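Protein chains in written order, with full-length UniProt numbering: chain A, 1 to 262; chain S, 1 to 262; chain Y, 1 to 262; chain C, 1 to 262.
Number of protein chains: 4
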Amino acid sequence: MREQCSFLGCVVTKKLDSFYVGLLSEAIFIFCCNGYDSFVFSLNKGFNTQVMFFNPVFLVREASISRIDRQDKYQRILRAGITVFARRGVFRATISEIAREAGVADGTIYLYFKNKDDILARFFAGRTEEIFARFRKAIDGADTAREKLFRLVSCHMEAFQEDREMAVVFQAETRKIHAMACQVNDISARYRDLIAEIIEDGQAEGVIRKELYIALVKRFILGAVDEVVNTWVLAEGKYDLVSMAEPLVDLFMRGIGSASAE
Amino acid sequence: MREQCSFLGCVVTKKLDSFYVGLLSEAIFIFCCNGYDSFVFSLNKGFNTQVMFFNPVFLVREASISRIDRQDKYQRILRAGITVFARRGVFRATISEIAREAGVADGTIYLYFKNKDDILARFFAGRTEEIFARFRKAIDGADTAREKLFRLVSCHMEAFQEDREMAVVFQAETRKIHAMACQVNDISARYRDLIAEIIEDGQAEGVIRKELYIALVKRFILGAVDEVVNTWVLAEGKYDLVSMAEPLVDLFMRGIGSASAE
Amino acid sequence: MREQCSFLGCVVTKKLDSFYVGLLSEAIFIFCCNGYDSFVFSLNKGFNTQVMFFNPVFLVREASISRIDRQDKYQRILRAGITVFARRGVFRATISEIAREAGVADGTIYLYFKNKDDILARFFAGRTEEIFARFRKAIDGADTAREKLFRLVSCHMEAFQEDREMAVVFQAETRKIHAMACQVNDISARYRDLIAEIIEDGQAEGVIRKELYIALVKRFILGAVDEVVNTWVLAEGKYDLVSMAEPLVDLFMRGIGSASAE
Amino acid sequence: MREQCSFLGCVVTKKLDSFYVGLLSEAIFIFCCNGYDSFVFSLNKGFNTQVMFFNPVFLVREASISRIDRQDKYQRILRAGITVFARRGVFRATISEIAREAGVADGTIYLYFKNKDDILARFFAGRTEEIFARFRKAIDGADTAREKLFRLVSCHMEAFQEDREMAVVFQAETRKIHAMACQVNDISARYRDLIAEIIEDGQAEGVIRKELYIALVKRFILGAVDEVVNTWVLAEGKYDLVSMAEPLVDLFMRGIGSASAE
DNA sequence: CATGAATGAGTCTTCATTCAT
DNA sequence: TATGAATGAAGACTCATTCAT
Chain A
1 MREQCSFLGC VVTKKLDSFY VGLLSEAIFI FCCNGYDSFV FSLNKGFNTQ
51 VMFFNPVFLV REASISRIDR QDKYQRILRA GITVFARRGV FRATISEIAR
101 EAGVADGTIY LYFKNKDDIL ARFFAGRTEE IFARFRKAID GADTAREKLF
151 RLVSCHMEAF QEDREMAVVF QAETRKIHAM ACQVNDISAR YRDLIAEIIE
201 DGQAEGVIRK ELYIALVKRF ILGAVDEVVN TWVLAEGKYD LVSMAEPLVD
251 LFMRGIGSAS AE
Chain S
1 MREQCSFLGC VVTKKLDSFY VGLLSEAIFI FCCNGYDSFV FSLNKGFNTQ
51 VMFFNPVFLV REASISRIDR QDKYQRILRA GITVFARRGV FRATISEIAR
101 EAGVADGTIY LYFKNKDDIL ARFFAGRTEE IFARFRKAID GADTAREKLF
151 RLVSCHMEAF QEDREMAVVF QAETRKIHAM ACQVNDISAR YRDLIAEIIE
201 DGQAEGVIRK ELYIALVKRF ILGAVDEVVN TWVLAEGKYD LVSMAEPLVD
251 LFMRGIGSAS AE
Chain Y
1 MREQCSFLGC VVTKKLDSFY VGLLSEAIFI FCCNGYDSFV FSLNKGFNTQ
51 VMFFNPVFLV REASISRIDR QDKYQRILRA GITVFARRGV FRATISEIAR
101 EAGVADGTIY LYFKNKDDIL ARFFAGRTEE IFARFRKAID GADTAREKLF
151 RLVSCHMEAF QEDREMAVVF QAETRKIHAM ACQVNDISAR YRDLIAEIIE
201 DGQAEGVIRK ELYIALVKRF ILGAVDEVVN TWVLAEGKYD LVSMAEPLVD
251 LFMRGIGSAS AE
Chain C
1 MREQCSFLGC VVTKKLDSFY VGLLSEAIFI FCCNGYDSFV FSLNKGFNTQ
51 VMFFNPVFLV REASISRIDR QDKYQRILRA GITVFARRGV FRATISEIAR
101 EAGVADGTIY LYFKNKDDIL ARFFAGRTEE IFARFRKAID GADTAREKLF
151 RLVSCHMEAF QEDREMAVVF QAETRKIHAM ACQVNDISAR YRDLIAEIIE
201 DGQAEGVIRK ELYIALVKRF ILGAVDEVVN TWVLAEGKYD LVSMAEPLVD
251 LFMRGIGSAS AE
């Protein structure tokens with residue numbers, strides 16, 4: 001969608017459709033006029049090469065657009081961080097690339113975060129609360145242990161499928177034993193706690209064997225789910241992850257052995 | 001490392017070093033005679049993959065010569081690399097630290113390896129063959145699919161327990177989606193192939209359900225084993241990993257459900 | 001370097017820097033207004049080749065703003081590079097020494113140039129245009145071929161005498177057959193084209209012999225001029241180079257033979 | 001030309017034609033026998049990948065081959081140095097590459113030369129004597145100054161054409177103002193002395209103008225010759241350089257001006 | 001003498017972080 | 001607050017030179 005208008009005697013090309021509204025709602029102008037013609041330059045740093053041309057009338061209208069506030073910038077950096085971590089890996093990601101992705105200056109990152117690792121830590125800290133709240137809600141709405149297990153696994157897969165970048169980063173960094181270990185292990189631990197709870201419910205119900213070694217069962221389930229998610233991540237999300245939940249829970253409950261073999 | 005001997009009336013200097021014992025246990029000679037004296041060229045570069053066989057007569061003589069020189073350094077750097085990778089993570093590890101750990105100068109690393117990644121790649125390339133040979137042997141010695149699965153898992157855990165540093169690095173790098181992915185994914189793929197093979201055996205035996213979605217089962221098993229190993233790694237190897245194999249395989253076969261619940 | 005002004009009722013911050021004066025003498029603005037305040041983005045990277053023209057009204061205002069910031073640093077590094085190249089030779093010059101000479105940090109060099117060779121390449125790319133423009137102007141102002149040849153040689157010597165460091169680097173690198181060859185050979189080729197043109201003019205005038213082998217004549221002249229310049233360079237510029245032009249052109253025209261000998 | 005023979009019960013392949021006789025006359029053996037078969041490896045360090053296989057009978061014969069003596073090694077390194085300098089440029093050449101080219105060990109170079117520059121310096125020191133002796137002889141055999149000039153230029157071109165590697169290195173390094181300057185300038189100075197001598201002869205003969213500025217004439221001639229040689233070097237020696245001598249000397253004597261213009 | 005593995009100083013290059021504007 | 005140019009510490013890699021054999 002382009003539109004021609006006049007500005008100070010110059011013909012100005014106005015291009016609106018390419019503006020990245022989702023990320024950036026303030027106006028950005030690049031006037032390129034030499035009295036004869038005008039043209040557009042892409043801003044290749046931090047603005048996703050999107051460019052708008054305005055005339056004065058439009059300037060007035062833009063005046064009512066809310067400015068970028070702290071909160072917005074904080075969130076934008078957080079998301080940009082995960083995007084870049086997913087793209088390059090945490091170690092290879094640079095502050096510059098995150099800043100460019102977020103549309104802020106390099107230095108601005110340091111107004112909101114201590115350093116690169118802090119972006120990752122705070123992202124997961126925030127998402128963890130949110131996701132575990134969903135887990136809790138899903139489990140609480142079920143009656144049987146089997147159903148609870150199904151809802152947990154299902155919900156896990158749903159959350160990762162919704163935010164593939166997060167899934168990539170999480171799966172890739174989960175095994176990083178050094179930096180970030182506490183943060184991420186903490187998440188796994190909480191996940192395992194939920195499983196333990198469900199196991200105990202199941203044992204009370206009589207649908208789960210009582211002699212099981214709980215610590216192992218927790219890892220058995222987490223490991224299997226994790227691997228299935230990881231495979232999906234590596235496959236670049238080309239199939240539906242959640243549909244794996246039902247057969248996976250079936251494996252958890254019945255194992256691979258045939259009844260006759262028991 | 002050098003020894004003078006007589007061969008067909010020529011004085012021959014014999015020098016043995018520079019070769020990987022693991023790959024090559026035979027002697028390598030280069031005689032350079034010009035009628036007055038003779039000397040040896042050591043094959044120091046570019047011969048890593050070359051294998052030369054000598055006449056048994058010579059082998060006997062060679063048998064008493066120790067082979068530690070370059071061989072030793074190559075292995076020391078390899079081990080130092082894994083030690084440092086386990087300590088710092090592959091990315092944070094520096095060539096300087098590996099050199100210090102190996103007790104050599106920085107530049108020496110580059111006489112044996114292309115770069116940091118090459119150390120990792122060659123380590124796994126070497127170990128992979130060895131470990132899968134053990135897997136194969138373990139499986140081939142078993143009669144039932146259940147026993148095969150048990151031996152595979154057991155053998156996996158044994159191998160990792162024997163070399164905890166390798167386990168740390170492997171678990172940490174397994175999920176790295178970017179660099180090294182091919183190397184490590186290849187290993188996982190081969191592992192899954194073994195599982196698939198066992199599953200099919202079990203289905204033929206009638207002890208494993210026939211309607212299973214194999215691709216999922218493979219990941220179900222690998223993921224669970226992997227997570228159990230990973231937990232052991234994070235626990236700094238304080239308990240016996242192999243004793244987890246039996247209950248784990250039990251979970252694979254019977255699941256967590258009680259018979260009455262089916 | 002910043003200035004507040006009013007433009008159509010908006011407060012506009014104007015920042016001018018970052019651009020090569022030699023390439024671009026117009027003003028560049030990026031207005032970012034969101035209704036509350038407005039600010040400027042400096043176009044710091046990737047815009048070297050982009051040229052934007054402003055309305056003359058703005059140009060007048062801009063005229064009073066000094067442009068030394070990045071411009072200055074770019075030029076300082078360029079000059080420091082040539083100084084160090086002249087002092088040590090291109091190969092022996094180090095980035096550190098150039099940075100020290102320019103009074104910037106090592107890393108700063110990489111904000112302006114790709115690497116060491118890029119400094120040399122961009123220096124000559126810039127000077128080539130300028131110098132050949134002078135050559136062209138000098139030649140066009142002359143009537144006879146002899147006069148043209150004189151002016152070309154004269155102008156060449158003048159340019160080198162003005163910037164001895166450039167002369168040193170150029171003479172030293174001209175013969176480097178490997179790196180930079182294209183850049184520098186290209187310059188020589190253009191020089192020879194000018195000579196060929198003059199020769200042809202002279203032939204038309206009847207003052208230059210018609211049976212000459214032009215390819216040889218071009219090298220005959222270029223080589224002689226080049227050697228005379230080179231001698232002057234090695235003599236550390238202790239005499240007037242340009243005064244060599246007249247007798248040199250005389251040699252070109254008449255040779256060393258006496259008329260009686262012909 | 002391969003020949004099969006038997007050695008200690010092994011079949012041995014003997015290959016004689018690929019031996020680099022010119023550089024290396026001692027025998028080099030690589031036995032590759034495992035009791036079943038034998039094969040050839042190329043020695044890729046320092047021996048141009050040439051390999052011979054001998055049997056004991058042949059060993060006896062080799063015993064009469066003269067050993068490599070100091071002189072031979074010195075000359076081989078000298079030549080290898082020029083070859084590598086011509087290929088890579090003096091700065092980019094490494095001691096390792098020169099050693100490989102010469103078929104000696106890196107350390108051996110330091111038994112004969114102080115360092116890399118010393119190889120270059122000693123090469124030119126040696127060739128200078130030889131070449132100037134030829135120049136002298138050529139000049140002394142001529143009667144007229146014109147003929148002398150022609151023989152000098154001709155001889156120069158002949159010498160360079162005979163040893164193109166030397167020509168490449170000389171032309172490339174001539175203009176290096178820093179290292180080597182004294183060495184190379186010294187050569188040019190001696191060359192110019194010869195020219196001056198010829199000029200003076202010519203003036204006595206009356207075929208060369210008496211009012212000439214000798215210092216300029218010397219550079220005029222040297223520069224032109226040098227440039228013509230350089231062009232030939234860059235053209236990779238695809239045409240006959242010496243045939244340029246006659247028309248070049250004609251330009252020196254008569255210039256480019258037509259008689260009518262005088 | 002000859003060797004070439006080993007050394008480590010020296011260089012280029014990247015990038016997290018700072019700070020003047 | 002926001003900026004991004006500037007910084008310089010840190011790391012990878014090269015290669016001339018040494019020295020034990």
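For glycine and all other residues, C-beta sits at the position ideal for the given N, C-alpha and C. From a predicted model like this one, the values you see are computed outputs, not experimental measurements.
Please say whether residue j and residue i have beta carbons closer to each other than 8 Å?
i: Ile82 of chain S; j: Val169 of chain S; result: yes
i: Gln171 of chain Y; j: Val229 of chain Y; result: yes
i: Glu246 of chain S; j: Phe150 of chain S; result: yes
i: Glu227 of chain S; j: Arg219 of chain A; result: yes
i: Arg136 of chain C; j: Met253 of chain C; result: no
i: Gly206 of chain S; j: Gly223 of chain A; result: no
i: Ala138 of chain C; j: Ala102 of chain C; result: no
i: Glu165 of chain C; j: Ala235 of chain C; result: no
i: Glu78 of chain Y; j: Ile119 of chain Y; result: Sequence inspection shows Leu at residue 78 of chain Y; the Glu mentioned does not correspond to that position. Yes, they are a contact pair.
i: Ile195 of chain A; j: Val217 of chain S; result: no
i: Val225 of chain Y; j: Val153 of chain Y; result: yes
i: Arg127 of chain Y; j: Phe113 of chain Y; result: no
Which class does residue i belong to by DSSP, given the choice of helix, strand or coil?
i: Gly257 of chain Y; result: strand
i: Val249 of chain S; result: helix
i: Phe53 of chain S; result: Low local confidence applies: a pLDDT of 26 at Phe53 of chain S is under 50, so the model's placement there is unreliable, with the coordinate-based value given in what follows. Coil, per DSSP.
i: Val242 of chain S; result: helix
I want to verify the contact list: residues of chain Y whose CB lies under 9 Å from the CB of residue i, in sequence order.
i: Gly257 of chain C; result: Arg146, Gly202, Val207, Ile208, Arg209, Phe252, Met253, Arg254 and Gly255
List, in order along the chain, the chain S residues whose C-beta lies closer than 9 Å to that of residue i?
i: Glu162 of chain A; result: The contacting residues do not exist; Glu162 of chain A stays about 19 Å from chain S at best.
Could you tell me which chain C residues have their CB closer than 8 Å to the CB of residue i, listed as they occur along the chain?
i: Arg223 of chain Y; result: According to the sequence shown, residue 223 of chain Y is Gly rather than Arg. The answer, in chain order, is Gly223, Ala224, Val225, Asp226, Glu227, Val228 and Asn230.
Kindly list, in the order they appear in chain C, the residues whose Cβ is closer than 7 Å to that of residue i.
i: Phe91 of chain Y; result: Phe91
i: Phe220 of chain Y; result: Ala224, Leu248 and Leu251
So which residues of chain S does residue i contact, with C-beta pairs closer than 8 Å?
i: Arg136 of chain A; result: By Cβ distance, chain S contributes nothing, its closest Cβ being about 21 Å from Arg136 of chain A, past 8 Å.
i: Leu216 of chain A; result: Val228, Met244, Pro247, Leu248 and Leu251
Since I believe residue j is in contact with residue i (beta carbons under 8 Å), could you give me their beta-carbon distance rounded to a whole number of angstroms?
i: Phe160 of chain S; j: Leu248 of chain S; result: About 14 Å separates the two Cβ atoms, so there is no contact after all.
i: Ile199 of chain Y; j: Ile208 of chain Y; result: 6 Å
i: Lys73 of chain A; j: Val104 of chain A; result: 6 Å
Applying a beta-carbon distance threshold of less than 8 Å, which residues of chain Y neighbour residue i?
i: Tyr213 of chain C; result: Pro247
Query - Members of the region 230–249 of chain C that neighbour chain Y once the beta carbon cut-off is set at 8 Å - result: For the region 230–249 of chain C, the residues whose beta carbon sits under 8 Å from a beta carbon of chain Y are, in order, Asn230, Thr231, Val233, Leu234, Met244, Pro247 and Leu248.
Requested in this report: Closer than 7 Å, Cβ to Cβ, to anything on chain C: give me those residues from the region 122–136 of chain Y, in chain order.
Outcome: Close to chain C, meaning a Cβ-Cβ distance shorter than 7 Å, is no residue of the region 122–136 of chain Y at all.
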